[in-house]
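Novice: Numbering (my numbering), first residue to last: 59 to 489.
Glycine included, each C-beta is placed from N, C-alpha and C at the ideal position.
Treat the numbers as computed from the prediction; the structure is a model and nothing was measured.
One structure coming up, written as structure tokens, with questions to follow.
Structure, rendered in structure tokens:
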């Protein structure tokens with residue numbers, strides 16, 4: 059097909075009133091057209107390379123599994139009627155981006171290959187809502203849809219409640235896990251400040267003896283002898299060192315407390331512009347005791363703009379990734395923190411030199427309660443909740459791992475949060 063034909067085909071696909079989704083062999087989204095973008099209210103660039111059922115959880119159904127089996131195993135074109143399954147994917151908007159009644163869909167799933175031989179799937183969504191209104195089965199289907207919607211709303215409420223409880227559970231687990239380390243971090247400077255104060259108390263006592271001796275001294279030589287016997291020159295030099303060291307200790311405690319204060323706004327629920335590097339440094343201060351005995355921490359920060367986010371929740375994500383990185387290192391290794399931005403996106407990265415994750419487990423690491431750590435070492439909620447937080451920020455997490463060499467997590471976030479459903483112009487844009 060020449061470029062002119064490709065342009066014509068692309069123009070048709072982008073303007074046709076039918077949903078077109080292209081999936082790879084693992085059902086990861088590669089492309090969708092304007093119709094899907096407008097009717098779903100979701101941006102393609104935030105969904106690319108993610109599984110279809112992650113973007114549209116309702117598609118994770120027996121119907122899709124049955125269609126996929128026929129298309130993948132037998133190379134068939136599998137068509138479903140709207141009255142058999144009212145819809146495969148929930149598209150709650152009309153083509154102008156306004157809320158609309160549930161779309162009654164017929165679907166077609168078929169396998170095909172790209173020019174380089176890569177296997178793909180095409181998923182076509184036909185809007186049969188108008189046709190269904192003239193069908194005698196409409197009332198039955200609409201009643202079923204209404205009942206399904208009520209069930210889904212109740213289920214969503216239960217899931218939100220469960221998710222909130224899981225979030226709180228993980229926060230408490232994280233606090234408990236970090237409490238001993240933070241106490242140790244504070245106790246060290248407080249310990250030597252207390253020791254310095256005791257030494258200073260002895261020095262002050264000796265200095266007061268010298269001062270008091272001025273009134274009763276018979277001669278200047280007697281005072282000089284007292285100063286020599288009390289090692290006045292040593293006291294004078296050591297007092298300055300003790301005061302400087304104590305000041306450093308108090309500054310360290312203030313820094314830890316400030317980091318805890320920044321880190322502890324767990325319940326914030328408003329997006330605001332934030333400096334992600336400051337958040338990373340704050341998180342490093344909080345988890346320092348978890349890291350310093352397991353790894354050298356290397357910072358390779360790039361240039362980042364202010365990012366619209368919930369800072370403490372992003373701190374929670376990075377804390378989970380850092381603690382996981384430390385746990386993955388058996389003896390002593392390296393944890394590298396990187397950052398950068400591309401166009402309207404920023405990214406944060408945590409890479410460790412730990413044990414790595416087996417390939418067959420990578421697709422399960424975000425499941426609640428799934429963990430590769432020994433019993434008692436983790437809750438299995440950290441990555442699941444991190445995934446949900448990043449999704450709430452309209453971002454995504456990528457993971458790259460080689461068993462025996464280490465793991466790299468990269469968190470992508472939009473610099474500014476989308477404020478409305480995509481327009482006709484940007485809905486079809488994809489990279």
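Should the region 341 to 349 be regarded as contacting the region 403 to 415, the criterion being three or more beta carbon pairs within less than 8 Å?
Specialist: Counting Cβ pairs under 8 Å, fewer than three are found: no touch.
Novice: What is the rounded straight-line gap between the Cα of residue 469 and the Cα of residue 448?
Specialist: In a straight line, the C-alpha of residue 469 is about 8 Å away from that of residue 448.
Novice: Please name the residue, chosen from 76, 105, 84, 136, that lies closest to residue 97 on a Cα-to-Cα basis.
Specialist: The option with the nearest alpha carbon to residue 97 is 76.
Novice: Give me, in chain order, the residues of the same chain whose beta-carbon lies closer than 8 Å to that of residue 293; leave out the 5 immediate sequence neighbours on both sides.
Specialist: The residues are 261, 264, 265.
Novice: Assuming residue 334 contacts residue 362 under a Cβ cut-off of 8 Å, what Cβ separation, rounded to an integer in Å, is found between them?
Specialist: Correct: roughly 6 Å between the Cβ atoms.
Novice: Under the DSSP definition of a beta bridge, which residues are partnered with residue 98?
Specialist: Answer is none; residue 98 lacks a bridge partner.
Novice: Taking residue 379 as part of the alpha helix (DSSP H), name the residues at either end of that continuous run.
Specialist: Per DSSP, residue 379 belongs to the alpha helix (DSSP H) from 369 to 386.
Novice: Would you be able to state if there are at least three C-beta pairs under 8 Å between the region 106 to 119 and the region 61 to 70?
Specialist: Result no; under three Cβ-Cβ pairs closer than 8 Å.
Novice: Please look up how many angstroms separate the CB atoms of residue 399 and residue 473, rounded, as I've assumed it's under 8 Å.
Specialist: Indeed, because the Cβ distance is near 7 Å, the residues count as touching under 8 Å.
Novice: Under the rule that 16 or more other beta-carbon atoms within 10 Å means buried, what is residue 161, buried or exposed?
Specialist: Buried is the call here.
Novice: Cβ of residue 395 within 8 Å of Cβ of residue 441?
Specialist: It is not a contact, given that the beta carbons lie outside the stated cut-off.
Novice: Taking all protein chains shown into account, do 16 or more other C-beta atoms lie within 10 angstroms of the C-beta of residue 267, making it buried, or fewer, making it exposed?
Specialist: Classification of residue 267: exposed, given that the 10 Å Cβ count is below 16.
Novice: Between the alpha carbons of residue 300 and residue 254, how many angstroms are there, rounded?
Specialist: The straight-line gap from Cα to Cα measures roughly 6 Å.
Novice: In the DSSP assignment, find the alpha helix (DSSP H) that holds residue 407 and state where it starts and stops.
Specialist: Where residue 407 is concerned, there is no enclosing alpha helix (DSSP H), although the beta strand (DSSP E) it sits in stretches over 403 to 410.
Novice: State the Cα-Cα distance for the pair residue 185 and residue 101, rounded to the nearest angstrom.
Specialist: Whole-angstrom Cα-Cα distance: 20 Å.
Novice: For the beta strand (DSSP E) that residue 394 lies in, which residues bound it at each end?
Specialist: Per DSSP, residue 394 belongs to the beta strand (DSSP E) from 391 to 400.
Novice: Nearest-angstrom Cα distance between residue 88 and residue 95?
Specialist: About 13 Å.
Novice: Just to confirm my understanding: we take residue 105, look at its own chain, exclude 5 residues before and 5 after, and list those with CB closer than 6 Å. What are they?
Specialist: Contacts found: 87, 113.
Novice: Could you give the first and the last residue of the continuous alpha helix (DSSP H) run that contains residue 340?
Specialist: Start and end: 334 to 344.
Novice: Write down the C-beta distance between residue 80 and residue 178 rounded to the nearest angstrom, noting that I regard them as a contact closer than 8 Å.
Specialist: Confirmed, about 6 Å.
Novice: By the DSSP assignment, the beta strand (DSSP E) with residue 185 in it spans what residues?
Specialist: First-last of the beta strand (DSSP E) with residue 185: 177 to 185.
Novice: Using the Cβ count rule (16 or more neighbours within 10 Å means buried), how would you classify residue 295?
Specialist: Classification for residue 295: exposed.
Novice: Just the C-alpha distance for residue 372 and residue 360, rounded to the nearest angstrom, thanks.
Specialist: About 18 Å.
Novice: Whose C-alpha, out of 158, 291, 456, is nearest the C-alpha of residue 420?
Specialist: It is 456.
Novice: Starting from residue 164, trace the beta strand (DSSP E) both ways and give me its first and last residue.
Specialist: Here the beta strand (DSSP E) through residue 164 covers 163 to 171.
Novice: Considering only the beta carbon of each residue, do residue 159 and residue 130 sit closer than 8 Å?
Specialist: Not closer than 8 Å, so no.
Novice: According to the neighbour-count rule (16 or more other Cβ atoms, all chains shown, within 10 Å of its Cβ), is residue 315 buried or exposed?
Specialist: Burial call: exposed.
Novice: Classify residue 220 as buried or exposed, calling it buried when 16 or more other Cβ atoms lie within 10 Å of its own Cβ.
Specialist: Exposed, since its Cβ has fewer than 16 Cβ neighbours within 10 Å.
Novice: Which parts of the region 274 to 320 are runs of the alpha helix (DSSP H), unbroken and 4 residues or longer, counting only runs that do not cross its ends?
Specialist: Counting whole runs of 4 or more residues, the region 274 to 320 contains the alpha helix (DSSP H) stretches 278 to 287.
Novice: Within a Cβ cutoff of 6 Å, which residues of the same chain sit near residue 407, ignoring the five residues on either side of it in sequence?
Specialist: Correct list, in chain order: 396, 468.
Novice: List, from N- to C-terminal side, the alpha helix (DSSP H) runs of 4 residues or more that fit wholly inside the region 102 to 167.
Specialist: For the region 102 to 167, whole alpha helix (DSSP H) runs of length 4 or above, ordered along the chain, are 110 to 113, 120 to 132.
Novice: So, residue 411 versus residue 376, is the Cβ gap smaller than 8 Å?
Specialist: Not closer than 8 Å, so no.
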